[in-house]
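Working notes for the structure below.
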Amino acid sequence: MERWHNKLAVVTGASGGIGAACARAMIAAGLRVVGLARREEKLKELRESLPSDLQKNFIARRCDVSNEDQVLSTFDWIERELEGPDVLLNNAGITRETELVTPGNTQKLREVIDTNVMGVIWCTREAFNNMKKRDVEGHVLIINSIAGQQVLNFIDVLPSFNIYPASKFAITALTETYRQEFQLHKSKVRVTGICPGAVNTNIFPKEIQFYVKDMAKLEPANIADAVLFALRSPPHVQIHELTIKPMGEIF
Numbered sequence: 000m001e002r003w004h005n006k007l008a009v010v011t012g013a014s015g016g017i018g019a020a021c022a023r024a025m026i027a028a029g030l031r032v033v034g035l036a037r038r039e040e041k042l043k044e045l046r047e048s049l050p051s052d053l054q055k056n057f058i059a060r061r062c063d064v065s066n067e068d069q070v071l072s073t074f075d076w077i078e079r080e081l082e083g084p085d086v087l088l089n090n091a092g093i094t095r096e097t098e099l100v101t102p103g104n105t106q107k108l109r110e111v112i113d114t115n116v117m118g119v120i121w122c123t124r125e126a127f128n129n130m131k132k133r134d135v136e137g138h139v140l141i142i143n144s145i146a147g148q149q150v151l152n153f154i155d156v157l158p159s160f161n162i163y164p165a166s167k168f169a170i171t172a173l174t175e176t177y178r179q180e181f182q183l184h185k186s187k188v189r190v191t192g193i194c195p196g197a198v199n200t201n202i203f204p205k206e207i208q209f210y211v212k213d214m215a216k217l218e219p220a221n222i223a224d225a226v227l228f229a230l231r232s233p234p235h236v237q238i239h240e241l242t243i244k245p246m247g248e249i250f
């Protein structure tokens, strides 16, 4: 991780779960981190929980990645104040309890698409163009899901995940599209998709908690280990996709 020492990472959805674990791991590995989330107070709590000598390496910034204007202003601020990111971890993601066929659920479906898909597109666009302009060996990572590889069987096992698998299948396609576009622009930016199985976070709506409480799960720190593994790979190696499942997963 020596070549990433004092480099800047931007982590979306950094207020808890996988994002917070990844921010902690990156800071411990020597990076500076700008943590983005809607809940600024949680970001401040994360910074205060770090060892006192490392707190300066975590910069909290309120940003709802489902809002393009907030993404644009945030990355403009990052460029002006901090030159720009060397690493982007697209982690922010949500689910909503509904079904595709439920009447009047448009807002819930749009919230998932705007956060899980459009948020990735907007953040990656801004980060990549800054990396390209600075000609850095950057790295874009995207937290995908096994739901981006298969539509989980909710008929007999879980309530409907409605638009969530479609949003993650979109991320699978985007990851490959980014690989091709980054190559087309002759950039030194790599892209990695990380596909976890169930993780012990609060992403599941309370309506689904009953169904998943006894399910085999990974811990957020396991995903942080995978992020560092991808970052540690030599510049000529592109880990395109990592799938990580807990032992005993039913899917």
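Oh and the sequence shown: position 130 is 129 in numbering that gives the first Met the number 0, straight run, nothing missing. Cβ coordinates follow ideal geometry from the N, Cα and C atoms, glycine included.
Cα-Cα separation between residue i and residue j, rounded to whole angstroms
{"i": "Asp134", "j": "Glu175", "result": "21 Å"}
{"i": "Lys41", "j": "Val32", "result": "15 Å"}
{"i": "Pro245", "j": "Ile145", "result": "12 Å"}
{"i": "Leu53", "j": "Glu136", "result": "24 Å"}
{"i": "Ala20", "j": "Leu45", "result": "10 Å"}
{"i": "Val116", "j": "His4", "result": "30 Å"}
{"i": "Val150", "j": "Ser51", "result": "44 Å"}
{"i": "Pro233", "j": "Gly147", "result": "27 Å"}
{"i": "Ser186", "j": "Glu80", "result": "23 Å"}
{"i": "Ala215", "j": "Gly247", "result": "6 Å"}
{"i": "Leu241", "j": "Ala172", "result": "15 Å"}
{"i": "Cys62", "j": "Asp213", "result": "33 Å"}
{"i": "Ile17", "j": "Ala223", "result": "7 Å"}
{"i": "Arg95", "j": "Val236", "result": "36 Å"}
{"i": "Ile26", "j": "Thr105", "result": "39 Å"}
{"i": "Glu180", "j": "Asn143", "result": "19 Å"}
Helix, strand or coil at residue i [DSSP, three-state]
{"i": "Asn104", "result": "coil"}
{"i": "Gly15", "result": "coil"}
{"i": "Thr242", "result": "strand"}
{"i": "Ala229", "result": "helix"}
{"i": "Leu53", "result": "coil"}
{"i": "Arg189", "result": "strand"}
{"i": "Lys212", "result": "coil"}
{"i": "Phe181", "result": "helix"}
{"i": "Asp134", "result": "coil"}
{"i": "Thr114", "result": "helix"}
{"i": "Leu99", "result": "coil"}
{"i": "Gln148", "result": "coil"}
{"i": "Phe250", "result": "coil"}
Per DSSP, cross-strand counterpart(s) of residue i
{"i": "Asn89", "result": "Ile141"}
{"i": "Leu173", "result": "DSSP, once it has assigned bridges, lists no residue as partnering Leu173."}
{"i": "Arg61", "result": "Ala36"}
{"i": "Ala223", "result": "According to DSSP, Ala223 bridges with nothing at all."}
{"i": "Pro195", "result": "Ile243"}
{"i": "Val9", "result": "Val33, Leu87"}
{"i": "Leu217", "result": "Val198"}
Anticipated Cβ contact below 8 Å, residue i with residue j, distance rounded
{"i": "Phe283", "j": "Ala126", "result": "Any question about residue 283 goes unanswered here, given that the chain covers just 0 to 250."}
{"i": "Asn201", "j": "Thr97", "result": "Actually they are not in contact, since the Cβ atoms of Asn201 and Thr97 sit about 18 Å apart, beyond 8 Å."}
{"i": "Leu35", "j": "Ala13", "result": "6 Å"}
{"i": "Ile193", "j": "Ala225", "result": "5 Å"}
{"i": "Met0", "j": "Ala24", "result": "Not confirmed; about 10 Å, so no contact."}
{"i": "Ile141", "j": "Ile170", "result": "6 Å"}
{"i": "Ala22", "j": "Lys43", "result": "No, Ala22 and Lys43 are not in contact; Cβ-Cβ is about 13 Å, not under 8 Å."}
Close-in-space but distant-in-sequence residues of the same chain around residue i (CB under 7 Å, 5 per side omitted)
{"i": "Cys122", "result": "Thr11, Val64, Val70, Leu87, Asn89"}
{"i": "Ile112", "result": "Ile162, Ser166"}
Residue i: CB within 7 Å of a non-hydrogen atom of the ligand NAD
{"i": "Pro164", "result": "What this structure holds is no ligand at all, so the ligand NAD is not there to describe."}
Contacting residues, own chain, Cβ-Cβ under 8 Å from residue i (five flanking each side not counted)
{"i": "Leu217", "result": "Pro195, Gly196, Ala197, Val198, Asn199, Ile243, Lys244, Pro245"}
{"i": "His138", "result": "Asp85, Val86, Leu87, Val188, Arg189, Val190, Thr191, Ala229, Leu230"}
{"i": "Ser48", "result": "none"}
{"i": "Arg178", "result": "Val190, Gln237, His239"}
Cβ-based neighbour list, residue i, same chain, cut-off 6 Å, excluding 5 preceding and 5 following
{"i": "Leu30", "result": "Trp3, Lys6, Ala8"}
{"i": "Leu99", "result": "Asn161"}
{"i": "Gly118", "result": "Val64, Ser65, Ala91"}
{"i": "Asn129", "result": "Glu78, Gly83"}
{"i": "Phe168", "result": "Gly147"}
{"i": "Lys107", "result": "Arg95, Thr97"}
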